[in-house]
Amino acid sequence: MAELIMQITTGFWASKALHAVVELGVADAIHNQGGRASAEEIAAVVPDVDPRALFRVLRFVAGLGVLDMHYTGSDDDVDYHKTFTFGLNDTTQLLRSDVPNSMRSAVLLEASHAHYTAWSGFLQTVRTGQPSVKHTLGADSLWSYIEGNPRQQQIFNAAMTSYTSLEIDAVLACYDFAGITSLVDIGGSLGRHGHLYDLPDVVADAVVPDDLKDRVEVHGGSFLDESSNIPAGADAYIMKHIIHDWDDQKSEVILKATRKAMPDHAKVLLVEYTVPMGSQPCFAKAIDLHMMTMLGAKERTKAEFTALFRTAGLELTQVAGAEGGVNVIEARLPSH
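Under UniProt numbering, think of the first position of the sequence shown as 1, with each following residue one higher.
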């Protein structure tokens, strides 16, 4: 029991150590040196780092399974940090900057100074029900903080792309997209679907491959604007982890703007976590606290999604995928 309490209490030690490894580019450095290197060899190509301190970090994250560690010296070595080498494993490969589905940006975002600072105000959030960013980050909202910090904006957009790569197989496995010939990706960051709709400064960085230019359109706009210009007439409108960024009032605005663009046969597809009613542990409950702290928003149960759709003039018709995991939540215009 006590061990569990300590494991939970000190959990941030591991995430900050991992963040340091990623921020320093350790995985890239090891890869560029043939897939295995000592702390001293890594420090020689990573600027402004102490080899002994780096060794201690690498030793710790190797114990977490993030790196492979090999000892080539003896127990009598005073400079024993020089006799260990660290190699890439399947987990470390995901932290490289040059691989498909890299999780590097996700680590840089979620374990960033900004997120940790915001979470330092968690108790105040619990007491008031309000997000912490105003008194912890000095910003009106998380979005205004990101807009004022270009590197944070870049990391955020890249992390959203990472999450899409992480979840896409589960989404395609649980929901049948057959029959959808036109799809609008609302709030899709740098884009993955046929019609991308997001803020102008976000879609400005979206790159459409040459072989898809006749099938993909990019639109700039805000879904919170009453005069929203969400492209009309599509078969489906998909939003991946958009609604969980907003409270019920703003979510209703977004869904009503989407409904206005929908023809009678169209459907709304939300890629979101659904919160189970029981006490079982699941990631959705953790993200719910994160949304509460950062944005004053939330994850929702199936019943909450049903009620939210109803207020926006839509009807929940399907929840695909396992409860507590990533779901595709389908809604249509009411049949009556």
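Glycine included, every Cβ here is placed at the ideal spot set by N, Cα and C.
Bear in mind that the values here come from a model prediction, so they are computed numbers and not experimental data.
Your pair leucine 308 and serine 251 checks out as a contact, with CB atoms roughly 6 Å apart and the cut at 8 Å. When the beta-carbon positions are compared, methionine 291 and lysine 298 come within less than 8 Å of each other.
Within the model, the alpha-carbon separation for arginine 310 versus leucine 316 is close to 8 Å. In the structure shown, the three-state DSSP call for aspartate 169 is helix. By the Cβ neighbour-count rule, asparagine 157 is buried, with 16 or more other Cβ atoms within 10 Å of its own.
DSSP, reduced to helix, strand and coil, places glycine 138 outside both helices and strands of the structure shown, so it counts as coil. Here glutamate 3 carries a helix assignment [DSSP, helix/strand/coil].
A distance below 8 Å separates the beta carbons of leucine 166 and asparagine 101.
For valine 319, the uninterrupted beta strand (DSSP E) run begins and ends at 315-320, by DSSP. Among the bridge pairs identified by DSSP, leucine 269 is matched with Ile238, Glu330. In terms of CA proximity to alanine 62, Ser38 leads the group Ala44, Ser38, Val46, Ala43.
Isoleucine 186 sits away from isoleucine 146, with the two beta carbons spaced by 8 Å or more. Taking the Cα positions, isoleucine 180 is about 16 Å away from alanine 320. Between valine 49 and arginine 104, the beta carbon gap of about 18 Å keeps them out of contact (Cβ cut-off 8 Å).
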